[in-house]
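Report on the following structure.
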Amino acid sequence: MASLRQGCGDLRGLVSTFTQSCQGSLSEAQGQVSWALGALSAGGAGTQLPEGQQGPPTGCPGRLLELKGNIRVLCRLRPGTPCSLVSVEAGPGGTVTTCYRGRQRRFHLDWVFSPDASQEEVFGELEPAVLSCLQGYSVCIFTYGQTGTGKTYSMEGPPEDPGIAPRALQSLFREMGTGGQHRVTLSMVEIYNEAVRDLLAPGPPERLAVRQGPAGQGGIQVAGLTHWDVPNLETLHQMLSLGRSNRATAATSMNPRSSRSHALVTLTLCAASPPSTPGTAGTLHLVDLAGSERAWKAGATGTQRGDPNSAQRLREAQTINRSLLALGGVMAALRARRSHVPFRDSQLTRLLQPALGPGTTAVLLLQISTRPEDLGETVCSLKFAERVGQVELGPARRRKAPRSETPSSLSTDTPLTGTPCTPTRSPVSPPSPSPDSGSCSALGPSGDLPP
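Sequence positions in the sequence shown follow this note's numbering and run 5 to 455.
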């Protein structure tokens, strides 16, 4: 009887999801047909479509997502010496085959990039999802993998070869220049040892409190979080550079500049609309997760004499691993469609709750290593990614613009508007990092927060 009840519940969920998917697909098809008819009539009359209507609507979600709205999983291998224990079939629907402890296993993913794939190729697969933010959709792109596999490189990249974040911002502003007006708002936080810090605060970073939104509205609030109006791409890059300089990093045995925190960049794009109709508010979450690591491999055993930072590295590693374990628990609950999803188990999952809600678009970029000594962590990461690919978030839904003037960088389709006591700042001249809030490459051995 219990199995039958569970089966009936699953069927109800599938029917509900299928209905929503059909409705969303029908509306998108109607939009495509309307555009095509307009193009045909304009062509027959010998005229051209107005500027901004030369092509079908940008970021059509019917082309981006499956009907079920599964989380897309992309895999990228760190370049290095080829390993006979890891083989790859690159391309869409690619596979990664591993041979670990005498057992061969094949992992099927949505897309597998070859080790020599360029930053441009990786972003090319993500650009349609990024541009759908301009239509009012919520998109989350996050990197996952072991320490030292190139997550920050893929997300940020060097100036001469930018990664996902710079290319996404450039693509959005380029598209906004040819379409309607949008108000762009930025916020950036990090989670260091379970403390949420505002990386764009005018003064020294302080701890922020994460709270549940008002009853009936859902979402979350981050008390004291600053939101910056960004007028152009140059100012946006300055703000992100400031936030990156304030992020906690440190040297370990696996990475000379390891990210010791999870970083979340949230971009809210509110589209201008006529007074009689509500506007849309798309959201882009760019999440650079700290890498999972084994303490003994990272040189953080906490017992090394003469190294006062060893205990601090150990604590950081333990906190990072616990938060990633909580993320795995959330994914397992979403995959099983449980009524209770443990978002409250860590600050990371609490902040990601809006980005993993119903009707959102999520893409996981998995970074793995082919080194024989990293094979255990590689197999664990692939198992996690394969399970994430089975999570269904439902068909993508447009978000209405919040009524308040201060946007909520961490809310979904609710009118929640952030913290009323924190005004929105317009960075005509972005604040420069102070000597005490610069790069945190040398973290102190004591205290919850780096200096």
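Glycine residues also receive a C-beta, built at the ideal position from the N, C-alpha and C atoms. Quantities reported herein were computed from a predicted structural model and do not represent experimental measurements.
Burial state of alanine 6 is exposed, judged by a 10 Å Cβ sphere holding fewer than 16 other Cβ atoms. With 16 or more other Cβ atoms inside 10 Å of its own Cβ, asparagine 250 counts as buried.
A buried status is given to histidine 186, since no fewer than 16 other beta-carbon atoms sit within 10 Å of its beta-carbon. The DSSP-derived three-state label of asparagine 74 is strand. Judged by pairs of C-beta atoms under 8 angstroms, the stretch 116-125 touches the stretch 74-92, as three or more such pairs exist. Taking 8 angstroms as the upper bound for CB-CB distance, phenylalanine 388 and glycine 333 are not in contact here, some 11 angstroms apart.
Under the DSSP assignment, valine 234 falls outside any beta strand (DSSP E); it carries neither an H nor an E label. Taking 7 angstroms as the cut-off, the beta carbon of glutamate 210 is found no closer than this to the beta carbon of leucine 203. In the displayed model, alanine 294 falls within coil according to three-state DSSP, outside both helix and strand. Look at proline 162 here: in three-state DSSP terms it is coil, with no helix or strand label.
The alpha-carbon of alanine 340 is positioned some 13 angstroms away from that of asparagine 74. A straight line joining the alpha-carbon of serine 175 with that of isoleucine 168 spans about 10 angstroms. The count of Cβ pairs closer than 8 angstroms, one atom from the stretch 350-369 and one from the stretch 127-136, reaches three, so the stretches are in contact. Straight-line measurement puts the Cα of glycine 140 at about 32 angstroms from the Cα of isoleucine 324. Counting the other CB atoms within 10 Å of its CB gives histidine 112 a total below 16, which places it among the exposed residues. Leaving aside the five residues that flank arginine 401 on each side, the residues in its chain whose CB is nearer than 6 angstroms to its CB run, in chain order, Gly363.
In the three-state reduction of the DSSP assignment, serine 91 falls in the strand class, which pools E and B.
In this structure leucine 352 touches alanine 330 by the C-beta definition: roughly 7 angstroms separates them, less than 8 angstroms. Between leucine 360 and isoleucine 145, the gap from beta carbon to beta carbon reaches 7 angstroms or more.
For the 7 angstroms CB-CB criterion, threonine 147 and methionine 159 form a contact.
The C-beta distance from serine 373 to threonine 382 rounds to 6 angstroms, short enough to fall under 8 angstroms. In the DSSP assignment, leucine 81 is bridged to Ile372.
The beta carbon of leucine 288 is closer than 6 angstroms to those of Cys137, Val143 and Leu271 in its chain, skipping five residues each way along the sequence.
Here the alpha carbon of cysteine 274 sits roughly 27 angstroms from the alpha carbon of phenylalanine 347.
Straight-line spacing of the CA atoms in glycine 161 and leucine 15 works out to 44 angstroms.
Around histidine 241, the same chain offers Pro170 and Leu173 as residues with beta carbons nearer than 8 angstroms, after the five sequence neighbours per side are excluded. Taking serine 350 as the centre and dropping the five residues before and after it, the same chain places the C-beta of Ser327 and Ala330 closer than 6 angstroms to its C-beta, in chain order. For arginine 319, the enclosing alpha helix (DSSP H) starts and ends at 314-340.
According to the DSSP assignment, glycine 380 belongs to the alpha helix (DSSP H) that extends over 379-392. Distance from arginine 178 to threonine 284 at the Cβ level is roughly 19 angstroms; contact not present, criterion being Cβ atoms closer than 8 angstroms. Taken in chain order, the unbroken stretches of beta strand (DSSP E) that lie wholly in the stretch 115-172 and span 3 residues or more are 115-117 and 142-149. Comparing C-alpha distances from methionine 192 to each of Arg248, Leu237 and Gln216 shows the shortest one belongs to Arg248. Your pair threonine 99 and valine 90 does not check out as a contact, with CB atoms roughly 11 angstroms apart and the cut at 8 angstroms. Taking the CA atoms as reference points, tyrosine 104 sits about 7 angstroms from leucine 379. Here DSSP, grouped into helix, strand and coil, assigns glycine 181 to helix. For glutamine 351, there is no enclosing beta strand (DSSP E); the residue is part of the alpha helix (DSSP H) that begins and ends at 351-356.
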